[in-house]
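Engineer:
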Amino acid sequence: MDFMRPQVSPAVSSVRLFWKIVAFVLPSYTFVLMGTLMSAVDKAFIGQVSSVQLASLGPAAGSYDMSAFSLSFLAQATLSLLAAPPQGLKREVLRSHAVVFAALAGALLGTCLAVFAVPVVRAFGASEEMVPHALAYLRVRALCMFLGRTRDIANQFCLAEKDAITPFLSTLVAVVVNVTGDLLLCERFGTLGAAVATDAASAAALGFVVTRLRHRSLWPRPVRAPTREDFAPFAEYAGPIFLNNLSKMAAIMLMAAFATRMGTSPGAAHQICIAAWLLCGFTLGMPLSWAARAFLPANMQDGEYHRTARVLFAVTAAASAVGAGLAHALLRFGLGLFTRDPLVKMAVAEAAPSVVLNVLLCVYYQSMEGIMITQKRLHALVRLGASLTAIFCVSSFVLYEWGSLTLPLLWATLSAGVLGICTATTMIVVDGLRKSRP
3 MDFMRPQVSP AVSSVRLFWK IVAFVLPSYT FVLMGTLMSA VDKAFIGQVS
53 SVQLASLGPA AGSYDMSAFS LSFLAQATLS LLAAPPQGLK REVLRSHAVV
103 FAALAGALLG TCLAVFAVPV VRAFGASEEM VPHALAYLRV RALCMFLGRT
153 RDIANQFCLA EKDAITPFLS TLVAVVVNVT GDLLLCERFG TLGAAVATDA
203 ASAAALGFVV TRLRHRSLWP RPVRAPTRED FAPFAEYAGP IFLNNLSKMA
253 AIMLMAAFAT RMGTSPGAAH QICIAAWLLC GFTLGMPLSW AARAFLPANM
303 QDGEYHRTAR VLFAVTAAAS AVGAGLAHAL LRFGLGLFTR DPLVKMAVAE
353 AAPSVVLNVL LCVYYQSMEG IMITQKRLHA LVRLGASLTA IFCVSSFVLY
403 EWGSLTLPLL WATLSAGVLG ICTATTMIVV DGLRKSRP
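Per my numbering, residue 3 is the first one in the sequence shown, and the count goes up by one each step.
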């Protein structure tokens, strides 16, 4: 499969570079999307077994996914470091340290999540009837969290080599194993079976990626035990990226809280809107952020950096339009896949324009995030994320207290904030390009 890996050199024309980035983004988007849809597969099988067990997956999967996302800063830091290694640090050493840090972080957080599973699932809304089923799922997933986090790191090793095909194929392996496991286990073991199937899928996908990496001499052999000082290069990126991710999680949780308080129909409609945002916006923007770090040269003074940045802007504009178009189509023509309730459909239709705008801005913003990370404007990234969350929180709270907050207005408020942040981010990126022009 190495021939499918896009390679970039100064001799590559801008048009060819455009399509090479597209060839990187498309399989990246597909494997992120398929990973997102795997939880939907679990829910489909569990829904055939018991409504109570299906409901229990909400708090169980929600708490696990949020915990796992809190560690995504390690994967993002790894990609940034491999793209531009600190002086004196070999990529092989960075890979080794990244594997150890990810496995340890996953094991520690997973153990804590398993130990405190009861208060966690209750905090996420599990009723007494749901708690046993939620615990069966969460504890098994939590104790195997290190598998998923190690797989995330292994995927970054591939992406740093501009290889999105291997992660895509590994996700196909995971889907096959997950569906097979659900077929064999869910009817008999319920949520426990779904958890075992998902963890088996993660293990199979990790094994596939590691095999591919070892074949190309990109898997660390041997794995070296890092010291406390070895975490310093990761901390330079990890801290700001973690805080930025925290801001995103806070905004999503605030939206859910406000939407739930509006009533049943707006609350259900919000879940559909969030699904469209995740499928068409967030998961499409993430590969663009990876592309920025994988394709942009480490040296900003390099003329190739500026040319690649211009091409990346063009790819971002196209991807933003595609994401918005997909969201519009999903919310207009695909509502029947989510609900038959006319009140929920009406609420979605009213909020749809703001959701589509937010999807467009989300794709664009994540690409700019990637460029800012290559420019090492990390503190600016944190300030922008915190500002957006604070402004959105205050604005939504004031509107709610005045009795004026509706679902369309909630999404419009977020879109206005993201538009402002996109404007500021663009100014920062352009300023960095101007100052580094050779």
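We put the beta carbon where it would ideally sit given N, CA and C, even for glycine.
Just to confirm, are A79 and I276 a CB contact at a threshold of 8 Å?
Structural biologist: In the sequence shown, counting from the first residue as 1, residue 79 sits at position 77. In the sequence shown, counting from the first residue as 1, residue 276 sits at position 274. Not a contact, by the Cβ cut-off of 8 Å.
Engineer: Sorted by chain position, which residues of the same chain lie with C-beta nearer than 7 Å to D232's C-beta, five sequence neighbours on each side aside?
Structural biologist: As a first step, residue 232 is located in the sequence shown; it is residue number 230 there, counting from the start. The answer, listed in chain order, is H99.
Engineer: Return the CA-CA distance between V420 and L363, expressed in angstroms with no decimal places.
Structural biologist: Mapped onto the sequence shown, residue 420 falls at position 418. Mapped onto the sequence shown, residue 363 falls at position 361. Each residue's Cα considered, the two are about 7 Å apart.
Engineer: Could you tell me whether the Cβ atoms of S267 and A354 are closer together than 8 Å?
Structural biologist: By one-based count along the sequence shown, residue 267 stands at place 265. By one-based count along the sequence shown, residue 354 stands at place 352. Contact flag unset, no.
Engineer: V358 and A311: beta carbons closer than 8 Å?
Structural biologist: Taking the sequence shown and counting its residues from 1, the one referred to as residue 358 is at position 356. Taking the sequence shown and counting its residues from 1, the one referred to as residue 311 is at position 309. No.
Engineer: Can you check which of these residues, V123, V324, A86 and A319, is closest to Y239 by C-alpha distance?
Structural biologist: Numbered from its first residue, the sequence shown carries residue 239 at position 237. Comparing Cα-Cα distances from Y239 to each of V123, V324, A86 and A319, the minimum goes to A86.
Engineer: Take R218 as the anchor and find which of V198, A237 and D165 has the nearest alpha-carbon.
Structural biologist: The residue you call residue 218 lines up with position 216 of the sequence shown. Looking at the Cα atoms, D165 is the closest of the given residues.
Engineer: State the start and end residues of the unbroken alpha helix (DSSP H) segment that holds P299.
Structural biologist: As a first step, residue 299 is located in the sequence shown; it is residue number 297 there, counting from the start. Taken as a continuous stretch (DSSP letters only), P299 belongs to no alpha helix (DSSP H), as it is neither H nor E.
Engineer: Indicate whether the contact test is met: 3 or more Cβ pairs, each with one atom in the stretch 254–272 and one in the stretch 121–141, closer than 8 Å.
Structural biologist: These segments do not touch.
Engineer: Give the straight-line distance between the Cα atoms of M6 and S74, rounded to the nearest whole angstrom.
Structural biologist: Counting from one through the sequence shown, the residue named residue 6 turns up at place 4. Counting from one through the sequence shown, the residue named residue 74 turns up at place 72. For M6, the predicted structure reports a pLDDT of 43, less than 50, and the residue's modelled location is therefore unreliable. The matter cannot be settled from this model.
Engineer: The alpha helix (DSSP H) with L171 in it runs from where to where?
Structural biologist: To locate residue 171, count along the sequence shown from 1; it is residue 169. Run containing L171: I167 to F191, per the alpha helix (DSSP H) assignment.
Engineer: Between Q303, V95, A418 and L245, which has its C-alpha nearest W221's C-alpha?
Structural biologist: Here residue 221 refers to the residue found at position 219 when the sequence shown is read from its first residue. Checking every option, the nearest Cα to that of W221 belongs to V95.
Engineer: Whole angstroms is fine: what's the gap from A25's alpha carbon to V17's?
Structural biologist: Start at 1 with the first residue of the sequence shown, and residue 25 comes out as number 23. Start at 1 with the first residue of the sequence shown, and residue 17 comes out as number 15. About 12 Å.
Engineer: Measuring CB atoms only, is the stretch 359–379 touching the stretch 276–287, in the sense that at least three cross pairs come out at less than 8 Å?
Structural biologist: At 8 Å Cβ cutoff, the stretches touch.
Engineer: I need the straight-line Cα distance from K22 to F399, nearest angstrom please.
Structural biologist: Residue numbering aside, residue 22 sits at position 20 when the sequence shown is read from its first letter. Residue numbering aside, residue 399 sits at position 397 when the sequence shown is read from its first letter. The straight-line gap from Cα to Cα measures roughly 45 Å.
Engineer: Would you call the CB atoms of R295 and T376 closer than 8 Å?
Structural biologist: Here residue 295 corresponds to residue number 293 of the sequence shown, with the count starting at 1. Here residue 376 corresponds to residue number 374 of the sequence shown, with the count starting at 1. Result yes, Cβ atoms of R295 and T376 sit closer than 8 Å.
Engineer: Between A382 and M374, is the Cβ-Cβ spacing less than 8 Å?
Structural biologist: Stepping through the sequence shown from its first residue, residue 382 is reached at position 380. Stepping through the sequence shown from its first residue, residue 374 is reached at position 372. Result yes, Cβ atoms of A382 and M374 sit closer than 8 Å.
Engineer: So, is S15 buried or exposed, given that buried needs 16 or more other C-beta atoms within 10 angstroms?
Structural biologist: Start at 1 with the first residue of the sequence shown, and residue 15 comes out as number 13. S15 should be labelled exposed.
Engineer: In whole angstroms, what separates the C-alpha of R436 from that of R97?
Structural biologist: For the purposes of this step, residue 436 is taken as residue 434 along the sequence shown, with counting starting at 1. For the purposes of this step, residue 97 is taken as residue 95 along the sequence shown, with counting starting at 1. Computed Cα separation, rounded: 33 Å.
Engineer: Whole alpha helix (DSSP H) runs in the stretch 32–115 with 4 or more residues, listed along the chain?
Structural biologist: Fully enclosed alpha helix (DSSP H) runs of 4 or longer: 53–72 and 74–85.
Engineer: Please look up how many angstroms separate the CB atoms of V346 and A270, rounded, as I've assumed it's under 8 Å.
Structural biologist: As a position in the sequence shown, residue 346 is number 344, starting the count at 1. As a position in the sequence shown, residue 270 is number 268, starting the count at 1. Their Cβ separation, rounded to whole angstroms, is 5 Å, which keeps V346 and A270 in contact under 8 Å.
Engineer: Can you tell me whether K378 is helix, strand or coil according to DSSP?
Structural biologist: To locate residue 378, count along the sequence shown from 1; it is residue 376. If DSSP states are grouped into helix, strand and coil, K378 belongs with coil.
Engineer: Using a Cβ-Cβ cut-off of 8 Å (strictly less than) and excluding sequence neighbours within five positions of F20, which residues of its own chain qualify?
Structural biologist: Here residue 20 refers to the residue found at position 18 when the sequence shown is read from its first residue. Closer than 8 Å at the Cβ level, and outside the excluded window around F20, lie V313, A316 and V317.
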